[in-house]
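J.: Residue numbers (our numbering): 33 to 425.
Here a beta-carbon is modelled for each residue, glycine too, at the ideal position from N, C-alpha and C.
Please see the structure below; I have some questions.
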Amino acid sequence: ESLVVLPPSSSPEESPTLSPEHNPTLSTEKNPTTLIQIPFSPGITPAPYSYPPIRQPISTAPTIGTAIGHIQSKRDLIESNVLISYDASGMAYPSTQYTMNGLMQSLKVMAGGFGADFKFMLWEGDAEKYIHGLVNLAAFLANAMVESIEYDSCDELNWQNIDGKHAISNSCGQEGRSYQDENCPWGSTEFLSCDVDDNMQVTAVRSGNQLLAPPPLKCKAGSGEDVFTGYWDEISGRLITDAPFPNVAERTDIEGCCWWGRGALSTRGVCNIGKLNYYLGKRGADLGRSTLYPQLDFCKYPEVTCTSAMGEQLRWTTALFEWSERRVNYSTNIINISVISKTNLTSISTSEFKDTRYSALLLGMGGTLKMNWRDLSMVVWWIPMAATHFLIL
33 ESLVVLPPSS SPEESPTLSP EHNPTLSTEK NPTTLIQIPF SPGITPAPYS
83 YPPIRQPIST APTIGTAIGH IQSKRDLIES NVLISYDASG MAYPSTQYTM
133 NGLMQSLKVM AGGFGADFKF MLWEGDAEKY IHGLVNLAAF LANAMVESIE
183 YDSCDELNWQ NIDGKHAISN SCGQEGRSYQ DENCPWGSTE FLSCDVDDNM
233 QVTAVRSGNQ LLAPPPLKCK AGSGEDVFTG YWDEISGRLI TDAPFPNVAE
283 RTDIEGCCWW GRGALSTRGV CNIGKLNYYL GKRGADLGRS TLYPQLDFCK
333 YPEVTCTSAM GEQLRWTTAL FEWSERRVNY STNIINISVI SKTNLTSIST
383 SEFKDTRYSA LLLGMGGTLK MNWRDLSMVV WWIPMAATHF LIL
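Below is the structure:
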């Protein structure tokens, strides 16, 4: 089954309306007063890839051809092996930010159609193709496990460092990226990008839970030769601001740097967040579209994904949207997800995953999602496990 991408201006179908609360931690005033301070507690550094043991599947017979029913029948496996985070001591625990109930609530909306010309593909009700939908969800969850679930965080964390020094300007972008300059392609979708407000001030909801973790990402007005933000020293647990310390992209300030990742897939950049605003939020509603969150302005309040009263639903919904939109616009002659079957996915080994068409699919998806190589390698590692939970009948 092929998907056709229609122009962004196409009229959507009717979708439910939810009223969010505005982000209480954001101000657009020039040189605003101090905002709410989000505490971050030092702990013990968790083992970065200390995976929990895989629990044996519970035999449950789902309705044939029903992806939603099949996924619900795997609740125990998914909660025990996929929706797992790590506390400050490195111990595994059920994620509080990403739960099965929240996933299913958002999945039903995004797989059923949410007013766009595409949706999250589950091939619901198709006895032959619903397996493809399970693979699609498994790949999505593998990505989410790496991006956010293992950290139990809605906000992107300040993880990149040089000799234990984390640039505060990592808010502007990590791995050499500049999130505020990642506009949608010119000539077709440039109008979707959020406008950058240099006076915007935002502080992320939380930081990491490792020992002496850097403070939450933030942005605020101020730039120039005498304006710099310094770095966080993870060895001493101190913020050093006596001299400029650039991030990989050479930024030493955080003006206009409010576009870090949020949600289960850490949706980041002015283009991606602008797409949320058009397809799901206030921008689309103002233009006459029927959107899920007509009162929610992702461009004016980017942190609302993490602070809204809708909480977990937004963390999942924004991620399911990004995955769906990227998959629709991704084309390759290497592989299509529909060629993956229950038989060959559950029998393939982890080593084979790293060298065959499955890794090729994720390499392609990773390129469109702009995953870093560390995350991409871990996604490929997780897919056999996540997919097996769905596909063992």
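Leaving aside the five residues before and after Trp348 along the sequence, list all residues of the same chain whose C-beta is less than 6 Å from its C-beta, in chain order.
T.: Counting only Cβ-Cβ distances below 6 Å, and skipping sequence neighbours, we find Gly134, Leu135, Ser138, Ala296.
J.: Output needed for Val228: all residues of its chain with C-beta closer than 7 Å, excluding positions within five of it in sequence on either side, in chain order.
T.: Around Val228: Gln212, Gly288, Val302.
J.: Need the endpoints of the alpha helix (DSSP H) that Lys140 sits in, please.
T.: Here the alpha helix (DSSP H) through Lys140 covers 132-144.
J.: Span of the beta strand (DSSP E) holding Tyr310?
T.: Note, Tyr310: premise wrong, no beta strand (DSSP E); alpha helix (DSSP H) at 302-311.
J.: Express the C-alpha separation of Lys151 and Lys140 in angstroms, rounding to a whole number.
T.: Cα-Cα distance, rounded: 10 Å.
J.: Ends of the beta strand (DSSP E) at Ser225?
T.: From DSSP, Ser225 is part of no beta strand (DSSP E); its letter is neither H nor E.
J.: Looking at the secondary structure, which residues open and close the beta strand (DSSP E) in which Arg270 lies?
T.: Where Arg270 is concerned, the enclosing beta strand (DSSP E) stretches over 270-272.
J.: Within the continuous alpha helix (DSSP H) that includes Tyr162, where are the two ends?
T.: First-last of the alpha helix (DSSP H) with Tyr162: 162-179.
J.: Give the secondary structure of Trp191 by DSSP, where H, G and I count as helix, E and B as strand, and everything else as coil.
T.: Correct three-state label for Trp191: coil.
J.: Give the DSSP-derived three-state secondary structure of Ser201 in the structure shown.
T.: Ser201 falls in the helix class under three-state DSSP.
J.: Assign Cys251 to one of three DSSP states: helix, strand, or coil.
T.: If DSSP states are grouped into helix, strand and coil, Cys251 belongs with the strands.
J.: Nearest by alpha-carbon distance to Leu249: which of Ser255, Thr261, Ala174 is it?
T.: Looking at the Cα atoms, Thr261 is the closest of the given residues.
J.: Determine contact between the region 198-208 and the region 279-286, defined as no fewer than three beta-carbon pairs at a distance below 8 Å.
T.: In short, these stretches touch, since the Cβ pair count reaches three.
J.: Within 10 angstroms of the Cβ of Ala341, are there 16 or more other Cβ atoms? Answer buried if so, exposed if not.
T.: Flag for Ala341 reads exposed.
J.: At what residues does the beta strand (DSSP E) containing Ile116 begin and finish?
T.: Counting along the chain, the beta strand (DSSP E) containing Ile116 begins and ends at 116-118.
J.: If you check the beta carbons only, do Ser117 and Thr128 fall under 9 Å apart?
T.: In this structure, Thr128 lies closer than 9 Å to Ser117 by Cβ.
J.: Which whole-angstrom value describes the C-beta separation of Leu115 and Met132, a residue pair presumed to lie in contact below a C-beta threshold of 8 Å?
T.: Going by Cβ atoms, the distance from Leu115 to Met132 rounds to 6 Å, so yes, they are a contact pair.
J.: My understanding is that Pro189 touches Gly122, with C-beta atoms under 8 Å, so please give their C-beta distance in whole angstroms.
T.: One point to set straight first is that residue 189 is Leu, not Pro, in the sequence displayed. Wrong, their Cβ atoms sit about 16 Å apart, outside the cutoff.
J.: Under three-state DSSP, which class holds Ala341?
T.: Coil.
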